[in-house]
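K.L.:
First residue of the sequence shown: 1, per full-length UniProt numbering; consecutive thereafter.
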Amino acid sequence: MSSKTKIVKFLVELSRIIVGATFLFSGFVKAVDPLGFTYKIEDYLIELGLTHLFPLALPAAVFMVTAEFALGVFLLLGIYRKWVVRLIFVFMVFFTPLTLWIAIANPVEDCGCFGDAFVISNWQTFYKNIILLAGVILLLLKWEQITPFFSKKIAPVAALLTLLFGVLFSLHNVYRLPVFDFRPYKVGANIPQQMFVDPEKADVLETVFIYSKDGVEEEFTEENYPWNDSTWTFVEMKTKLVKEGEKPAIEDFAVESLYYDEAGGDWNIGGDITDIILSEPSYTFLMVAYSLEKMNLKHLERFKEVHRYAEENGYSFYLLTSSSADMVGEWEEHHRTGFQFCHADERVLKTMIRANPGLMLLKEGTVLDKWDGSRVPGKRWLEEEDWGDWV
Numbered sequence: 001m002s003s004k005t006k007i008v009k010f011l012v013e014l015s016r017i018i019v020g021a022t023f024l025f026s027g028f029v030k031a032v033d034p035l036g037f038t039y040k041i042e043d044y045l046i047e048l049g050l051t052h053l054f055p056l057a058l059p060a061a062v063f064m065v066t067a068e069f070a071l072g073v074f075l076l077l078g079i080y081r082k083w084v085v086r087l088i089f090v091f092m093v094f095f096t097p098l099t100l101w102i103a104i105a106n107p108v109e110d111c112g113c114f115g116d117a118f119v120i121s122n123w124q125t126f127y128k129n130i131i132l133l134a135g136v137i138l139l140l141l142k143w144e145q146i147t148p149f150f151s152k153k154i155a156p157v158a159a160l161l162t163l164l165f166g167v168l169f170s171l172h173n174v175y176r177l178p179v180f181d182f183r184p185y186k187v188g189a190n191i192p193q194q195m196f197v198d199p200e201k202a203d204v205l206e207t208v209f210i211y212s213k214d215g216v217e218e219e220f221t222e223e224n225y226p227w228n229d230s231t232w233t234f235v236e237m238k239t240k241l242v243k244e245g246e247k248p249a250i251e252d253f254a255v256e257s258l259y260y261d262e263a264g265g266d267w268n269i270g271g272d273i274t275d276i277i278l279s280e281p282s283y284t285f286l287m288v289a290y291s292l293e294k295m296n297l298k299h300l301e302r303f304k305e306v307h308r309y310a311e312e313n314g315y316s317f318y319l320l321t322s323s324s325a326d327m328v329g330e331w332e333e334h335h336r337t338g339f340q341f342c343h344a345d346e347r348v349l350k351t352m353i354r355a356n357p358g359l360m361l362l363k364e365g366t367v368l369d370k371w372d373g374s375r376v377p378g379k380r381w382l383e384e385e386d387w388g389d390w391v
């Protein structure tokens, strides 16, 4: 084997490992949280004005993460080399220009290519795809030099097992909470700490004053603005970002109470109770239902049991939703739960727990446990639980 052939062989195997491992990792971390990927697809559909395709978002998410994971495994194993490389090439030809558009137009803050496990910027995603595309082109030209690890007889079995794992693993994480939680509301996380960032590492901001003189506008700082010069006319004041700093893991967690106005006969938004929830020294149960309209009612009785248990033992219980106050009124009129309703941002609620509804247990702002609707503990289990273990 000549030195040139050895170099080509090395580059082919290197490309195979880089491309295959990237596809495997990207597919796996999104399969861990297919609902999160579904929400990301919905964000794109909103930007494109294709909201009527929302029902296809979840099936598309499961299909894409399974395909991405399987192609990565197939490439690493060297099975069906020719067709796998071709499919990956088609994949990259589609997504590379798409990520360029995302980087330029910036419809979402991050493309979600690695889910919440590893967040990179839109431009970093595009550069990553350029590198992958270069490797895929080499593999497309030299696919025969990819070393297979299985014989043709074993390849179908390996392919079937890979596809089954991808589909079943994704579906498990749809109907149950993700087996791995990469979000800032994971069990063990302290929400107030996740909302904090060291002031020395935060954004550096500057207050700018705009004044006008003889029809010409000019910017001034707090040190030199012409406050005592009557020839200048104040136009506006704004804040300018001088240097971007670190962002807290949680930026928008805010909860407002909802109350029924007997005089008006309707539901209204009350005050902010975020600090009350996060500083509660005892246990706090948060029933999270980002949409009451879409909520699965199958296990509502379990939540009622938890609510009764909380009331009997002096614990707090809140239902957090992004549904309108009118919708809350209609829902409560029909179900008569007696829950304390609160309003929060839909995206925040979807991030807190991948279920509609789900249950989160807090103590002093720390997430002690989370359950999807089908796994919510019953009153009997709660009564038998040794609560000292939660401290």
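By construction, the Cβ of each residue, glycine as well, lies at the ideal position given by its N, Cα and C atoms. Source: prediction; values computed, not measured.
With DSSP run on the structure shown, which of helix, strand or coil describes Leu-231?
P.N.:
The residue asked about is misnamed: residue 231 is Thr in this sequence, not Leu. Looking at Thr-231 - three-state DSSP - the assignment turns out to be coil, as it is neither helix nor strand.
K.L.:
Using three-state DSSP, classify Phe-339 as helix, strand or coil.
P.N.:
Looking at Phe-339 - three-state DSSP - the assignment turns out to be coil, as it is neither helix nor strand.
K.L.:
Here's the rule: buried if 16 or more other CB atoms are within 10 angstroms of the residue's CB, otherwise exposed. What is Thr-22?
P.N.:
Classification for Thr-22: buried.
K.L.:
How many whole angstroms separate the CB atoms of Met-295 and Pro-357, which I take to be in contact at a CB cut-off of 8 Å?
P.N.:
So it is a contact: roughly 5 Å between Cβ atoms.
K.L.:
What are the residues that DSSP puts in a beta bridge with Ile-269?
P.N.:
Answer is Leu-258, bridged to Ile-269.
K.L.:
Quick check: does the Cβ of Phe-91 come within less than 7 Å of any heavy atom belonging to the ligand ADP?
P.N.:
With respect to the ligand ADP, the structure shown offers nothing to examine, as it has no ligands at all.
K.L.:
Whole angstroms is fine: what's the gap from Asn-173's alpha carbon to Tyr-185's?
P.N.:
Spanning the two alpha carbons is a distance of roughly 17 Å.
K.L.:
Would you mind giving the Cβ-Cβ distance between Val-235 and Leu-320, rounded to the nearest angstrom? I have them listed as a contact below 8 Å.
P.N.:
That pair is no contact at about 41 Å.
K.L.:
Rounding to the nearest angstrom, what Cα-Cα distance links Ser-257 and Phe-317 in this structure?
P.N.:
Approximately 12 Å, taken between the alpha carbons.
K.L.:
Quick check: what's the CA-CA separation for Leu-100 versus Arg-308?
P.N.:
About 53 Å.
K.L.:
How long is the line joining the alpha carbons of Arg-176 and Ala-355, rounded to whole angstroms?
P.N.:
One C-alpha to the other measures close to 8 Å.
K.L.:
Look up Asn-190 in the DSSP assignment and give the residues it is bridged to.
P.N.:
Per DSSP, Thr-366.
K.L.:
Can you tell which of Arg-81, Ile-210, Asn-122 and Ile-88 has its C-alpha closest to the C-alpha of Phe-150?
P.N.:
Among Arg-81, Ile-210, Asn-122 and Ile-88, the Cα nearest to that of Phe-150 belongs to Arg-81.
K.L.:
Classify Ala-263 as buried or exposed, calling it buried when 16 or more other Cβ atoms lie within 10 Å of its own Cβ.
P.N.:
By the neighbour-count rule (16 or more Cβ atoms within 10 Å), Ala-263 is not buried but exposed.
K.L.:
Measuring alpha carbon to alpha carbon, tell me which residue in Val-167, Ser-291 and Met-360 is nearest Leu-58.
P.N.:
Of the candidates Val-167, Ser-291 and Met-360, the one whose C-alpha sits nearest the C-alpha of Leu-58 is Val-167.
K.L.:
Who pairs with Tyr-318 in a beta bridge, going by DSSP?
P.N.:
DSSP output for Tyr-318 lists Leu-286 and Gln-340 as bridge partner(s).
K.L.:
Mind checking which residues open and close the alpha helix (DSSP H) that includes residue 433?
P.N.:
Here the chain has residues from 1 to 391 only, and residue 433 is not among them.
K.L.:
For a test of the three-state rule: what should DSSP assign to Leu-48, helix, strand or coil?
P.N.:
DSSP places Leu-48 in coil when its eight states are reduced to three.
K.L.:
Whole beta strand (DSSP E) runs in the UniProt domain "Methylamine utilisation protein MauE" (9-141) with 3 or more residues, listed along the chain?
P.N.:
As far as the UniProt domain "Methylamine utilisation protein MauE" (9-141) is concerned, it has no whole beta strand (DSSP E) run of at least 3 residues.
K.L.:
On the criterion of 16 or more Cβ atoms from any shown chain inside 10 Å, does Phe-118 qualify as buried, or is it exposed?
P.N.:
Exposed, because fewer than 16 other Cβ atoms sit within 10 Å of the Cβ of Phe-118.
K.L.:
Can you give the Cα-Cα distance for Leu-241 and Ala-202, rounded to whole angstroms?
P.N.:
Roughly 11 Å between the two C-alpha positions.
K.L.:
My output table needs one value for Ser-279: the three-state DSSP class, helix, strand or coil.
P.N.:
In the structure shown, Ser-279 sits in a helix (DSSP, three-state: H, G or I).
K.L.:
Pick helix, strand or coil for Gly-326, following the three-state DSSP scheme.
P.N.:
In the sequence under discussion, the amino acid at residue 326 is Asp, which differs from the Gly named in the question. If DSSP states are grouped into helix, strand and coil, Asp-326 belongs with the helices.
K.L.:
With three or more C-beta pairs closer than 8 Å as the rule, is the region 133-147 touching the region 29-44?
P.N.:
Flag = no, the region 29-44 and the region 133-147 do not touch.
K.L.:
Could you check whether the region 357-370 touches the region 336-348, counting it as contact only if at least three pairs of C-beta atoms, one from each stretch, sit closer than 8 Å?
P.N.:
Too few Cβ pairs lie closer than 8 Å, so no.
K.L.:
Short check: CB of Thr-351 to CB of Arg-183, under 8 Å?
P.N.:
For Thr-351 and Arg-183, yes; Cβs fall inside 8 Å.
K.L.:
Which of the three DSSP states, helix, strand or coil, is assigned to Glu-219?
P.N.:
Residue state, collapsed to three classes: strand.
K.L.:
Which residues bound the alpha helix (DSSP H) around Leu-164?
P.N.:
Where Leu-164 is concerned, the enclosing alpha helix (DSSP H) stretches over 155-175.
K.L.:
Quick check on DSSP: helix, strand or coil for Phe-209?
P.N.:
Strand at Phe-209.
K.L.:
What are the residues that DSSP puts in a beta bridge with Val-242?
P.N.:
Val-242 is not bridged to any residue.
K.L.:
Exposed or buried, what is Tyr-283 when buried is set at 16 or more other beta-carbons lying within 10 Å of its beta-carbon?
P.N.:
Buried is the call here.
K.L.:
Whose CA, out of Trp-371, Lys-153 and Cys-342, lies closest to the CA of Ser-324?
P.N.:
Considering only alpha carbons, the answer is Cys-342.
K.L.:
If you check the beta carbons only, do Leu-205 and Thr-239 fall under 8 Å apart?
P.N.:
Their beta carbons are under 8 Å apart, which means Leu-205 touches Thr-239 by this criterion.
K.L.:
Out of Phe-37, Glu-364 and Val-288, which has the shortest C-alpha to C-alpha gap to Phe-63?
P.N.:
The option with the nearest alpha carbon to Phe-63 is Phe-37.
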